[in-house]
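In the working numbering, the protein residues as written are 1 to 82. Take a look at the structure set out below.
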């Protein structure tokens with residue numbers, strides 16, 4: 001499961017990008033900003049690229065992988081069956 005390591009909204013605001021700026025400039029859509037607020041990591045790679053560019057960070061600075069029981073059950077177990 002992917003999780004944010006940082007508070008995306010706070011970091012964007014620190015560099016002057018709030019919801020209004022994101023909307024007016026078209027940098028991030030309303031749905032993407034909602035996902036950031038809700039800590040939903042199901043964003044596109046294009047949006048991750050934009051986030052890295054704006055925050056001057058690498059993906060590893062923004063997200064991390066945390067293994068869960070669901071991951072082990074649905075993903076890893078299928079590979080192990082082969």
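Every residue gets a Cβ at the ideal spot worked out from N, C-alpha and C, and that includes glycine.
query	result
For the segment 74–81 and the segment 21–35, state whether three or more C-beta atom pairs, one from each stretch, are separated by less than 8 Å.	no
Could you tell me the boundaries of the beta strand (DSSP E) in which residue 64 lies?	63–65
Please report the Cβ distance between residue 21 and residue 54, rounded to the nearest whole angstrom; I am assuming they are in contact, meaning their Cβ atoms lie under 8 Å.	The pair is not a contact, with the Cβ atoms about 10 Å apart (cut-off 8 Å).
Answer with buried or exposed for residue 70, where buried requires no fewer than 16 other C-beta atoms within 10 angstroms of its C-beta.	exposed
What do you reckon, are the CB atoms on residue 63 and residue 37 nearer than 8 Å?	no
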